[in-house]
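S.K.:
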Amino acid sequence: MSAWRTLLAGLAVWLVHFAIVYALPSLDAIGAAPPANLMIVHVLATLACLIIVGLLVFAGWRRGSAFQHRIAALGAAMAGVAIVWQSAPALIG
Amino acid sequence: MSEGSETGFDRSIYDRFPTKGRRPKGELEQLREIWCGPKGWQWITAINNNFVGVYYVGAAMLFFVLAGVLALVMRAQLALPLNGVLPQETYNQVFTMHGTVMMFLFAVPAVEALGVLLLPQMLGARDLPFPRLSAYAFWAYLIGGLAFFCSLFFGLAPDGGWFMYPPLTSTTYSPGINADFWLLGIGFIEISAIAGAIEIIVGVLKTRAPGMSLDKLPIFAWAMLVFAGMIIIAFPSVILATTLLELERALNWPFFDATRGGDPMLWQHLFWFFGHPEVYIIFLPAAGAMSTMIPAVARTPLVGHWMVVLAFLATGFISFGVWAHHMFTTGLPGASVGVFSAASMAVSLPAGVQVFAWIATVASGKMRFNTPGLFVLGSLLIFVMGGLTGVMAAMVPFDWQAHDTYFIVAHLHYVLIGGMVFPLFAAIYYWTPMVSSRPLSERLGRWTFWLMFAGMHLAFLPMHLSGLMGMPRRVWTYAPGRDLELPNLISTVGAFLFAAGVLIWIIDMVRNFRPFGSDAGNVYDGPGLEWLPAELYSVRSIPVVKSLYPLWDQKTLARDVEAGRYFLPGAPTGGRETLVTSPVQAEPQHLLPMPKPSGWHVWAAVFTAGFFLLLTVQAYAASIVSAVLATYCVIRWCWFLDHPLPQKEVDVGAGLMLKTYASGPSSTGWWAMVITLVVAGMVLAMSVFSYVFLWSRSQASWSAPIGAETLAVAAMNLVAVLCAWLASRVLAKPPRLTVMLTVAAGALVAGAWWIDLKTWQGAGLSPDLNAQGAIVHAMAAWQGFFVAVGAIMAVYVVLRWLFGYVGPDRPATIQLVGLFHAYVAAQGLVTLGVPRLFAAVPA
Amino acid sequence: MTTRAADESFKGWPPPVLDPAGPFAAPLNTLTWGLLAMAALVMVVVLVALAFALFAPRPWRKRLGGEKLIWIAGLGFPVVVLSVLLVWGLSLTNKLSERPQPGDLRVRVTGEMWWWRVAYLDAAGREVLQDANEIHVPVGRTVAIELESTDVIHSFWVPRLAGKLDMIPGRRNILRIQADKAGTYSGQCAEYCGGAHALMAFVVIAHAPEDYARWRARAERPALAQPSTGAVVFEKSGCGACHTIRGTSANGVAGPDLTHVGSRHTLGAGILPNNAGTMSGWIADSQAIKPGNRMPAYPVLSGQDLRAMSAYLESLK
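Chains as they are written, first to last, in the numbering used here: chain A, -16 to 76; chain B, 19 to 861; chain C, 479 to 795.
1) Are the stretch 119 to 134 of chain B and the stretch 526 to 546 of chain B touching, with three or more C-beta to C-beta distances below 8 Å?
2) Check the DSSP bridge columns for D669/B and list the partner residues they point to.
3) For the stretch 652 to 737 of chain C, which segments carrying the beta strand (DSSP E) assignment without a break, of at least 3 residues, lie completely within its bounds, in sequence order?
4) List the residues of chain C whose Cβ lies closer than 7 Å to the Cβ of A49/A, in chain order.
5) Judging by CA-CA distance, which residue of K642/C, L736/C and G716/C is the nearest neighbour of G725/C?
6) Please check if any C-beta of chain B sits within less than 8 Å of the C-beta of M22/A.
7) Nearest CA to the CA of Y424/B: which residue from A676/C, D629/C, A518/C and G581/C?
8) Taking just the CA atoms, how far does V757/B sit from G836/B?
9) Please name the residue in V557/B, V710/B and P319/B whose C-alpha comes closest to that of L142/B.
10) Beta-carbon of V563/C versus every beta-carbon of chain A: anything under 8 Å?
11) Beta carbon of A622/B, beta carbon of A648/B: below 8 Å?
12) Give the single residue among A668/C, A732/C and T756/C whose Cα lies nearest to the Cα of H743/C.
13) For a contact defined as C-beta to C-beta under 8 Å, what are the partners of M757/C on chain B?
14) So D11/A and L27/A are supposed to be a Cβ contact under 8 Å. How far apart are they, rounded?
15) Show which residues of chain A have a CB atom less than 7 Å away from the CB atom of W324/B.
16) Thinking just about the alpha-carbon of each residue, which of A73/A, L(-2)/A, I75/A and L57/A is nearest to the one in C32/A?
17) Consider the Cβ of G846/B: report whether some Cβ of chain C lies at a distance smaller than 8 Å.
18) Give me, in chain order, the residues of the same chain whose beta-carbon lies closer than 8 Å to that of G356/B; leave out the 5 immediate sequence neighbours on both sides.
19) Between the C-alpha atoms of M230/B and A604/B, what's the straight-line distance to the nearest angstrom?
20) Give the residues of chain A in contact with D233/B, contact being defined as C-beta atoms less than 7 Å apart.
21) What in chain B is Cβ-close to T726/C, meaning under 8 Å?
22) Helix, strand or coil for P351/B? Go by DSSP, reduced to three states.
23) Just to check my reading of the structure: E45/B and G588/B have Cβ atoms closer than 8 Å, yes? What is that Cβ distance to the nearest angstrom?
24) Give me the subset of the stretch 772 to 792 of chain C whose CB atoms are less than 7 Å from a CB atom of chain A, sorted by chain position.
25) Taking DSSP as the reference, what is the three-state secondary structure of H632/C?
26) Interface residues of chain C around W68/A at Cβ under 8 Å?
27) Which residues in chain C have a C-beta closer than 7 Å to the C-beta of R492/B? List them in chain order.
28) Below 8 Å on the Cβ atoms is my contact criterion, and I expect A78/B with F124/B to pass it. Report the Cβ-Cβ distance as a whole number of Å.
29) Are E698/C and L607/C closer than 8 Å when you measure CB to CB?
30) Verify the CB distance criterion: does M704/B have a CB-CB separation below 8 Å to chain A?
31) Nearest-angstrom Cα distance between L633/B and L201/B?
32) Consult DSSP for W523/B and reduce its assignment to one of helix, strand or coil.
33) Just verifying my parser: in three-state terms, what is the DSSP assignment at L98/B?
34) Could you check whether the Cβ of N611/C sits closer than 8 Å to any Cβ belonging to chain B?
35) Does chain C have any CB closer than 8 Å to the CB of P72/A?
36) Which residue comes first and which comes last in the alpha helix (DSSP H) that contains P616/C?
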């Protein structure tokens, strides 16, 4: 079981971040909260997710060149790129 | 992955293999006898993947040719402006069928079929873990698919486009049963795909050759694993969408009807949440095949194997975050649209990794330009072109021009033909020697390739231009004077050239493809276990795997396997069987006895297809009869299961004793049930999404009845969970107690459902008046269906008890029924709570 | 403007997407060329890499045959290129999604199966002028087009002036367009709406400001009441049940407004040039031209009646 956690942790963080940045504009569209508050949530969530994937990249890289550790590190790195990209629209908009 | 043991297994046992000395007389003959092929009419009831796999690929290719002929007719019509080959209505049915048949009856089944055919051999298993299930999936698909295709001949084919947007597809604007053919027609495809996915997940994770840890799992198996996982998560969305649209059409429940609070956009979200992962579902197995064939043809290991594995995993996740890029022109808020654009960029990264892994592999080896080699190289080029236009379309402002034009038609054909069709043809040429006594012809293969390659570019390259020139999609003709004549004519010529290539392939198949006999051998010198000498029992003995490329690295493997020097050289229980191993390290866990062929699964498939088809033509009484018969057949099929063998433990090789009966979380049945419940849970999740979506669009606030009944329903469901859990705990007591707890669980969820439904109706909610009524009743209907199945399961347990089949020596049935009842109760709690939660939130 | 000009507006060459005529389409053209350049560049890189991988001498192939190629070409390079593209795309999306401004001209276009109901709105959003299948705009002024539908999903697309936007029942989407040159710009329905979707086109006609004022004044006038045989046939045949001709008793709203149909550039929603011949042909049997459209054929009308009615309608300029 822990093998799967290792392999998929980074991508799971991506999934959580995606769910958040998907939900926030929807909440904005129905006026559920002031836009400023939603932006704060957006920034905090993004930073938190980036820190976690950063740690996962570091942990994977440190634990050696075994199959699952390399996959874990690259998966977290790819997730990190995707998280940066999908956080951009709220910031550029 | 060589850390400590996953299951407590002592790996020094592997050192006993290959065993020495001769195998006992008669062992091989017994194996052959047990796995003997079908005689006469028995080919219909065959369940061995060597048969079902070939049938499956054959059926998929039949649909490819049929849908391809439709495309030729379309191109003939579009060759000239205001042409008279097809009138407007016919064309609209033809283009809808071309897309629907290609996506649902060809693409997904073809790659699933490839898995059914190849995976057991590649993994060193004797067959798939649930052979009758994959046979059932095949027959339901074939019967239903052919009937669906025949709707064209009666002018009853759906004509709403392959993604069938309402309101066009509601009864107001599509009054005939054409749309119902689509909605119910793909119903059994959905079942078929999910059955196949369960098979593949359990097969890849639980029936590998010992020692084949995850780092030695063949790349194709990784692709199929992610493919199957994606089906489990994505298909439920289209199951819900088609159910809702059918309810709207048949019973007038307004999910998508804006005049009563529904929203056509709900369909688009549900459909594309399925629809986008669908195309990666189609692509991944083909990509896995590419990553298998390129190393084999270039005679060198795959460069960056671990990166390609990660690419599959990343695609599997990120492709679920891009669905609204099909909806960029619908007026979604800019911030939402940007997120989907970003994720669409991200999903192209894993594809780039694979493309350069292939190029690096070619560079590090010596590529041969045989037919598989030509097809994989051609596929790479075409796929890259399609991927690049995909990146273009991911840019929202560009998509505002390109969406719904022939530019997108060009893009989708480049990625599908390059990413799936060409790899499939490569795979057909590459693996035919494994199943046929003659390989296909290299000479004819070259003709096939070049005609298809040239024809493909000629057909689809001009479409990029005609899209930018203003030609929209799904048009039966175009006016003269718009300069569209030349690109369309060129496309038509290209399409026929492509078809000529396919025709040559068909001729080659007729001349050379001879399955079910001996095989032509390892013609291309491939490294995988599927190239071991094999007969209908798969390999003579199941090897210990020490590398990713066993036939290259373990030189004496073929000889030792054939001599029976590894696991299971015979059939210790006297029946069909294979090994179950642990998911990560592939340590042997127990023996999996497998069934012999019988007719029940075929009849179940016939009646399942019958149920859907009769419902489509509104023969409601007959469809109910068909459903009852299907249920009866499934029960008779299941009746064979969960009977412990007289031998509790057998010697699977070199003195290793394994149990012959398994239950609980490591058993294949448990996994199958859990995966099925994940599917159900995803449908539930999508219905919650639908509820929230419609609620957020509603002008008026939605109220919900909250009172004593709410508590009663919650309590009943919780007690039902308790009963379900207890039922398998008390098996050591008299079986009557277990049976009573099972029946109680079934009765409690039924009662809870009834009370909840009555409460809503008492509050004046009606399903056809407004969107809230519709979605609440839809969720109630879904729960009702599960309550009914739970009741049938409770009856099944009672029957088993009456026959003396309930006891502590066989807990599996009780456990699985308990899991199901617990899920139904949990689902009841969700359908109770969600509407009341949102009623409490101010609008 | 003659119908010849309308025909030319439908020409596919140069491709309308690459021939912008206003500020909401010009950046899309730049983006398209930028993306095509990126795609061509990547294609060249891939082709060269593959060619080297297949045919180059051993030392070259050794350098390509490792994970470094995947890191650089498969990950590093795409991350950089896609990041740049994403920023470009997001900021352009943002710029083109600006809400309607107070100075915008307001028009409402409602998608029907299979034609376009056009209504010009005043600043408060009230309909002051009805038309069909043609939209007249002044050059250099932004027009905010409110897109709606009462039946199925359609999509409004005039490629030389803007990207497309869907018309979805139950929702109102607003597309801002602006023409910087006088001329006629062709448009097309871009969401499959069943039946004759292929034959659902329209035109946007941009006038210099003075010409626009003149057109507007004439359009707002009701039809000149000229007694004619054609008008009598029109009334007797019950055409007024579906069509409106302001200034007469015809006031149906199911079909296009015909008050100034004689000056329209096309008939049948962008698919026929507008002259007496095509007008007769359409009335006699529109089903043969546009199968399934909501106007029935009129085989009962005699040739004489058709010609008279056609002349009458053509006179409604």
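All residues carry an ideal CB built from backbone N, CA and C; glycine is no exception.
As the structure is a computational prediction, the values presented were derived from the model and not from experiment.
M.R.: Per the coordinate set shown:
1) Taking a cut-off of 8 Å on C-beta distances, the stretch 119 to 134 of chain B does not touch the stretch 526 to 546 of chain B, as fewer than three cross pairs fall below it.
2) M675/B
3) Taken in chain order, the unbroken stretches of beta strand (DSSP E) that lie wholly in the stretch 652 to 737 of chain C and span 3 residues or more are 661 to 667 and 679 to 685.
4) Chain C residues near A49/A: none, gap ~16 Å exceeds 7 Å.
5) Distances from the CA of G725/C to each of K642/C, L736/C and G716/C were compared; the closest alpha carbon is that of L736/C.
6) Not a single C-beta of chain B is nearer than 8 Å to the C-beta of M22/A.
7) A676/C
8) 11 Å
9) Reading off the sequence shown, one finds Gly at residue 142/B, where the question assumed Leu. When each option's Cα is compared against that of G142/B, the closest is V557/B.
10) The sequence shown places Leu at residue 563/C, rather than the Val named in the question. Cβ-Cβ to chain A under 8 Å: no for L563/C.
11) For A622/B and A648/B, yes; Cβs fall inside 8 Å.
12) T756/C
13) What M757/C touches in chain B: nothing, since even the nearest Cβ is about 18 Å away.
14) Actually they do not touch by this definition, with Cβ atoms about 16 Å apart.
15) Per Cβ cutoff of 7 Å: F50, R53 and I54.
16) L(-2)/A
17) no
18) For G356/B, the CB contacts under 8 Å within the same chain, skipping 5 residues up- and downstream, are V414 in chain order.
19) 6 Å
20) F50
21) Chain B residues near T726/C: none, gap ~32 Å exceeds 8 Å.
22) coil
23) 4 Å
24) none
25) strand
26) For W68/A, the chain C residues whose Cβ falls inside 8 Å of its Cβ are L560, S561 and L564, in order along the chain.
27) Y670 and H675
28) 5 Å
29) Yes, the Cβ-Cβ distance between E698/C and L607/C is below 8 Å.
30) no
31) Cα to Cα, L633/B sits roughly 11 Å from L201/B.
32) Of the three classes helix, strand and coil, the one that applies to W523/B here is helix, per DSSP.
33) Coil at L98/B, not helix or strand.
34) Chain B contact via Cβ: absent.
35) yes
36) Not the alpha helix (DSSP H): P616/C falls in the beta strand (DSSP E), residues E612 to P616.
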